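Below you'll find the structure, written out as structure tokens, and then a few comments.
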RNA sequence: GGCGAAGUGGCCGAGUGGUUAGGCAGAGGUCUGCAAAACCUUCUACAGCGGUUCGAAUCCGCUCUUCGCCUCCA
């Protein structure tokens, strides 16, 4: 059984073998930190989080780099317009450094809520100016870049394969380029900026051999990827909208300098739509994660994202997330029962579930199927537990272990079972147990006396307080409800 | 205009030549004092029109529709 990954370069599923096993080098385009993260960020980073988790589970040693863009990303078209960070700083009446640090912190807060594990290295663009200047110098030396009036551009004509990732020929680029680039220093309309001379009043600027200025956006990923992961990396991920021009530019810059393939597997995740239309910054429909977390459990959002495939578009609607909430609760319930219920005698074969789960994940990280396997397991386990014979102790342990591995370690949609029971310290947990036992005793007594008004009142009031009671064959059980 | 993705049952969402996706919602049942949870049974599909094939949701062609990129976006 081996892992297959859909490679955007070539548009086929290919068997994944890293260049230097067991190490896997992986770079994912990080956020530009000028605003709070939104659902699109969540989809992207949750998807790649699962990729990393599965690779690690498969025995690879993953070196995961995800950058923070804090300079050079302009608001407007082809190398014109204001720097996004600077603009936000102007709007918030502060300086760019504060903006990028504030939103970087915000980004990680949201990712932590989504159980997204931190990358091994999170380099920022502004911290790697010398590396970027160095790369530009090499490009000029090899004739792939040229300087005009303090600006440096990459010459697209010097790299015949330009556009190979997106499938755009130079002609296509030419056509679209002409529309937006009439007056420019560029030799060719598709040429893109490597270094820009700072205009009057520009805040983020550095000394370079060409001018006091700042780097072009595409450059940082090449510079940092090659610095931390080497000239050829195994996996480069990002959003689909970055295929062109961003990733094609990265390829051109990097391969022009090294003469080697820049990336072996390109992975692109699809977009989030809201009620069928694109979530855009210009449209006012984009869903801020901090707002979303006020209404929904972040883990439910993660679960919702993983219920569709990373290469499929994800349509956000409250109805859909509510459906996910109920679904996830079902898995949690099974996890809980496995931890609480008394063992019986029935043996239960976990292997088919484990196998199908692995097959799904190995098939280009097919999380919807992987989750479907968990649901089928849940159903079978519940059915077995409902029988009078019950599940054997070994089987229960195996099932719980599998849920823990697949649901918590790999997909990150379940939590440690022991933690779901008692939040807070142990003493409080024990006290809560004791208090509820008192109430349950009173309720049992009421029921014995057929005082159902009282027993129902206890049940309802406890539910209001976040404690759900269930009358099972084995007696009364209770659990915390989020 | 160019490049690309896609249209699946009430909703979300997998699947790619013959065999159950899964979840949510709905219906009936078991259990229960009543619920809840769980279990059992069950309804509603593959945009349209042609073609290839013994057989197509799945391959091919056309039509319609939606979405993304080409200009900042994960």
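In this note's numbering, the protein residues as written are 1205 to 1686. The C-beta atom is built at its ideal place from N, Cα and C for all residues, glycine as well. It should be emphasised that the depicted structure is a prediction, and the values quoted were computed from it without experimental measurement.
Coil, strand or helix - residue i by DSSP
i            : result
residue 1419 : strand
residue 1250 : helix
residue 1390 : coil
residue 1215 : coil
residue 1221 : coil
residue 1619 : coil
residue 1482 : strand
residue 1567 : strand
residue 1298 : coil
residue 1238 : coil
residue 1309 : helix
residue 1287 : strand
residue 1358 : strand
residue 1603 : helix
residue 1351 : strand
residue 1208 : strand
residue 1477 : strand
residue 1519 : strand
residue 1586 : helix
residue 1666 : helix
residue 1447 : helix
residue 1432 : helix
residue 1654 : coil
residue 1371 : coil
residue 1507 : helix
residue 1259 : helix
residue 1591 : coil
residue 1364 : coil
residue 1611 : helix
Those residues which DSSP pairs with residue i across a bridge
i            : result
residue 1683 : 1672
residue 1168 : The chain is shown from 1205 up to 1686; residue 1168 falls before or after that span and cannot be answered.
residue 1330 : Paired residue(s): none; residue 1330 is not in a bridge.
residue 1411 : 1416
residue 1442 : 1472
residue 1268 : 1230
residue 1325 : 1269
residue 1437 : 1467
residue 1399 : 1356, 1419
residue 1492 : 1242
Beta-carbon proximity of residue i to residue j, cut-off 9 Å
i            : j            : result
residue 1538 : residue 1582 : yes
residue 1658 : residue 1682 : no
residue 1490 : residue 1504 : no
residue 1270 : residue 1325 : yes
residue 1510 : residue 1575 : yes
residue 1402 : residue 1335 : no
residue 1662 : residue 1647 : yes
residue 1461 : residue 1342 : yes
residue 1240 : residue 1307 : yes
residue 1615 : residue 1585 : no
residue 1550 : residue 1599 : yes
residue 1340 : residue 1419 : yes
residue 1513 : residue 1465 : no
residue 1207 : residue 1565 : yes
residue 1451 : residue 1370 : yes
residue 1636 : residue 1607 : no
residue 1204 : residue 1353 : The question about residue 1204 has no answer, for the chain in this structure spans 1205 to 1686.
Assumed close pair residue i, residue j - CB separation to whole angstroms, cut-off 8 Å
i            : j            : result
residue 1310 : residue 1300 : In fact, because the Cβ distance is near 15 Å, the residues do not count as touching under 8 Å.
residue 1437 : residue 1507 : The pair is not a contact, with the Cβ atoms about 30 Å apart (cut-off 8 Å).
residue 1212 : residue 1472 : 5 Å
residue 1750 : residue 1448 : Nothing can be reported for residue 1750, as the shown portion of the chain is limited to 1205 through 1686.
residue 1256 : residue 1268 : 5 Å
residue 1561 : residue 1209 : Not confirmed; about 17 Å, so no contact.
residue 1330 : residue 1275 : 4 Å
residue 1589 : residue 1619 : Contact doesn't hold; Cβ gap of about 20 Å is too wide.
residue 1596 : residue 1556 : That belief does not hold up - the Cβ atoms of residue 1596 and residue 1556 are roughly 17 Å apart, past 8 Å.
residue 1232 : residue 1442 : 6 Å
residue 1483 : residue 1243 : 7 Å
The ligand GDP heavy atom lying under 8 Å from the CB of residue i
i            : result
residue 1433 : Only the bare structure without any ligand can be found here, which leaves the ligand GDP out of the picture.
Query raised in the report: Do the region 1398 to 1411 and the region 1433 to 1449 touch if we need at least three Cβ pairs shorter than 8 Å?
Result: No, the region 1398 to 1411 does not touch the region 1433 to 1449.
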